[in-house]
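Following: one structure in structure tokens, then a few remarks.
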Amino acid sequence: MLYLGDKIRCFTAKQRAAIAARDGGCIIPGCTIPARWTEVHHVLPWHEGGLTNIDNGTLPGPSHHHHHHHHVIHRG
0 MLYLGDKIRC FTAKQRAAIA ARDGGCIIPG CTIPARWTEV HHVLPWHEGG LTNIDNGTLP
60 GPSHHHHHHH HVIHRG
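0 is the number of the first residue of the sequence shown in numbering that gives the first Met the number 0; add one for each residue after it.
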């Protein structure tokens, strides 16, 4: 199942695999971190109504994910 809606927060292994196939690795321009070392991230945060669906998931590297949640990387 690739579309879980707003009832489940964490992405499944199948969703992660689908997102990895689409993104190929870290989505930050110039970053070469492979998909297996990334973290799945909600584009629209789950606590703000973001769905746990593959079209709302992306793969930043761990440091990029951390910086995003500490407001160093801002949504545009």
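Glycine included, C-beta positions come from ideal geometry on N, C-alpha and C.
In terms of Cβ geometry, T37 and G56 do not form a close pair [threshold 8 Å]. Within the same chain, C25, I26, I27, T37, E38, H40, H67 come within 7 Å of P59 by CB-CB distance, once the 5 residues on both sides are set aside. Taking C-beta separations shorter than 6 Å and ignoring five residues to either side along the sequence, the partners of P61 in its chain run E38, following chain order. The criterion of a C-beta distance shorter than 8 Å is satisfied by A34 and D22. Around the beta-carbon of I18, 16 or more other beta-carbon atoms lie within 10 Å, marking it buried. Note on I7: under 16 other CB atoms within 10 angstroms of its CB, so exposed under the neighbour-count rule.
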